[in-house]
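In terms of numbering that gives the first Met the number 0, the sequence shown opens at residue 0 and continues consecutively.
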Amino acid sequence: MITNINYTDTIVAYIDYKESTTVLAGRGWRREHHKDKCKKPLESWYLHTNNVYLRYYPNFYGRSLLYVDFSLPKVYYTINDNCLHVANFDSDVLDLRLKAILANNVDMTQLPPSFLNWQVSRSDLFYNHEVPQQYTKDHLNAYELLYLPRHKKLEYKNTHYLMSNLKKYRSASVVVRIYYKDLEMYEKGILTKDNTLFYPAGVHEDVEKAIDIKDDGSLSYSVNGVRYSRIRIELQLRRRKLMYALNSKSVTVRDVFDEVFQTSMINKYFSTLGLDREILSAYNFRNHISTMGFSTKKRKHIIECARLLRSGKSPYITGTPLKKDAISRRMFNGYVNQLKEDDIHAITTGSINNLISIKPLCIGQHLSHS
């Protein structure tokens, strides 16, 4: 399989596999005891080698399974960072990389000829949104306010998670991550292919200083004197979601590596999140609303909703009788849909500038800096 671009970062795949744990121990594998979702004992063996994480379950609900977990850019390019999409992806190259890594650690006679035939447990897709560096915080602050009634937000270090499922007893089938990729690379101390830090160790107290000191084009870059940085948007798609999206009970690596599938999934969530719509400054938003022919009361309601959203508050009243000039959730959703027809988001920014929207991906498009 050859594609123009592969948008995959992490891929977790598995295959039926039977191996003696004594043999695994002799190869350097380590045993781990933990509990499954029903709190029953579950034994596994694991090994981390060459940016690939292997895990073997001798008895996983009656099956013996081998899992492989890795970042595609790291393994494909044999580097220690995952900033770049894999361009001109060739599955034969990936198979050769994986076979070389697996050969000394598992019984290759039990594996299928191609990794593309493995079943997928999880597939993470990503896109780097390139914005002028001085407006990075404006974009991130606005994205934290995205109006997603079925999503639950969670912040871990410098990563903002927008969960697709609120049920505590069931993990989300899709997790959306939006974060500042430069900052993550800096904090993790990621190494380059030359085994040197992207950011010097002596500037840990100042991320902006670090970016200025170390800029080799892999992260932030300049075009016509304007410095750009990348905001990372990731989709963590679990098997349940993949089966639903593909309308199949079998989801192979070949299926999720299909470029049409990847672009359609990313574009779907661009639309769901509203990233394909323009996020206006508060000033420009008010001016735009004034041109839409709304009544004075409706115009006032919409502007007030945008103000409440920008301050992190609910734009509508729920659970109590409506007060004077308050609106219902249904009315607010109507406003959102009207704005959507003009490709305008209900979210606004306190910045003097409008934010850069993301255009839907096209098959075979060239990502010059990603």
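Using N, Cα and C, we set each Cβ at its ideal position, and we do this for glycine too.
Where residue i falls, given that 16 or more other Cβ within 10 Å makes a residue buried
i    : result
G370 : Given a span of 0 to 369 for the chain in the structure shown, any question on residue 370 remains unanswerable.
T290 : exposed
L53  : buried
I362 : exposed
E233 : buried
Q235 : buried
L338 : buried
I230 : buried
V175 : buried
S249 : exposed
A171 : buried
R29  : exposed
K38  : exposed
N81  : buried
Residue j beta carbon less than 8 Å from that of residue i
i    : j    : result
Y146 : A305 : no
I14  : Q118 : yes
N353 : L274 : no
V130 : I355 : yes
L124 : Q261 : yes
V375 : S120 : Residue 375 is absent from the structure shown; the chain starts at 0 and stops at 369.
I4   : F69  : no
V51  : L71  : no
F269 : P359 : yes
I326 : R276 : no
T295 : S228 : no
H32  : P40  : yes
V105 : L65  : yes
L241 : S163 : no
L144 : L308 : yes
Minimum C-alpha distance to residue i - residue among the options
i    : options                : result
G311 : T347, M330, I343       : T347
V74  : T7, T108, W28          : T7
M107 : F59, S327, K17, N336   : K17
L115 : C361, D257, K339, F125 : D257
M330 : L308, S247, D341, I301 : I301
K180 : N140, Y126, R226       : Y126
T24  : Y76, W44, H159         : According to the sequence as given, residue 24 is Ala; it is not Thr. For A24, the nearest C-alpha among the options comes from W44.
M264 : V335, I78, Y243        : Y243
D94  : S19, F284, I1          : I1
Those residues which DSSP pairs with residue i across a bridge
i    : result
K151 : M162
N127 : R231
Q118 : Y13, T251
I343 : E277
L139 : Partner(s): none; L139 has no beta bridge.
D68  : V11, Y52
A86  : I4
T348 : S280
Minimum Cβ-Cβ distance from residue i to chain C less than 8 Å
i    : result
N266 : Looking at the structure shown, chain C is missing, and only one protein chain is on hand.
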